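Mapping to full-length UniProt numbering: the sequence shown position 44 is 44, numbers consecutive. Quick reminder that beta carbons are idealized off the backbone N, C-alpha and C, glycines included. Bear in mind the structure is a predicted one, so any value in this text is a computation, not a measurement.
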Amino acid sequence: MPPTSSPSLRERKKAETWSAIHEAAASLAQQRGLEHATVEAIAESAGVSPRTFFNYFPAKEDAVLGLHEPVLDPSEAAKLTGAEDLLGQATLLLVAVARSALGGTNTARRRQLLKRYPHLFARQLEVMVKAEALVRQAVVDHLAADPYWASSAEGFSAEETARMLVMLASVPAKFTAQAADFDPASGMTPEDLAPAVALFHHLQRKLS
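Rendered as structure tokens:
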């Protein structure tokens, strides 16, 4: 495997500025309340201008939660082979794209802020809907290219089949995330997901 190239100075500076703005926003919301975590106050605390703030976040809610625009890595999408378990593969892809939007932040603090300000869930949900849309399109492309799936389910289009598959793929991820011994800071690995995927298939067979 070729060595991974180190991020450029510009990329490091952008990451540092993003983190500074997020930390300022989350800290202000925790310490002074969300209503006092204005864009101006966040920018001042982070040592940037309000204009720079909007180069990194579309709104203060995104900065407080540390939300990124979700991204689908082509190398992750390439893992959709359908050779063994398309549901499990879609679940892993969904987790990877969700982490691109939520990763790199203090998970415990974000949960505290969401509990304190439940209306922030709406913004997080919007980002997760975007993540699901990216995965759904990747699944559509896979179904169209795979002869086994190309005809799709009778009476349903590839888009509808992909939408159902991605909805089902979210179930093992949610089940795993809610486990008492799951540590969200360490991420969700294939090994973490395997028991939930196995249980899903067991229930599927029982209910069929």
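Closest by C-alpha distance to ASN55, out of ALA196, LEU87, LYS130, ALA15, is ALA15.
By the neighbour-count criterion, in which 16 or more other beta carbons inside 10 Å mark a residue as buried, MET167 falls on the exposed side. Relative to GLN137, the option among GLU191, GLN31, ALA63, LEU72 whose CA is nearest is LEU72.
Spatial neighbours of LEU80 in its own chain (CB-CB distance under 8 Å, excluding positions within 5 residues in sequence) are listed in chain order as LEU86, GLN89, ALA90, LEU93, ALA138, VAL139, HIS142.
LYS13 and THR176 have their alpha carbons spaced roughly 35 Å apart. Three or more pairs of CB atoms, one per stretch, sit closer than 8 Å, so the stretch 22-36 contacts the stretch 102-114. Within its own chain, the residues whose Cβ lies closer than 7 Å to the Cβ of ASP62, once the five positions on either side in sequence are excluded, are ARG123, listed in chain order.
Residue burial annotation: PRO50 is exposed, with fewer than 16 other C-beta atoms found within 10 angstroms of its C-beta. By the Cβ neighbour-count rule, GLU35 is exposed, with fewer than 16 other Cβ atoms within 10 Å of its own. In the three-state scheme derived from DSSP, where H, G and I count as helix and E and B as strand, GLN31 is classed as helix. Pairing GLU126 with ARG99, the inter-Cα distance amounts to about 14 Å.
Between ALA26 and GLY66 the beta-carbon gap is near 7 Å, inside 8 Å, which marks them as a contact. DSSP, reduced to helix, strand and coil, places ALA37 outside both helices and strands of the structure shown, so it counts as coil.
Closest option to LEU165, judged by alpha-carbon separation, among VAL135, LYS130, LYS60, ALA101: VAL135.
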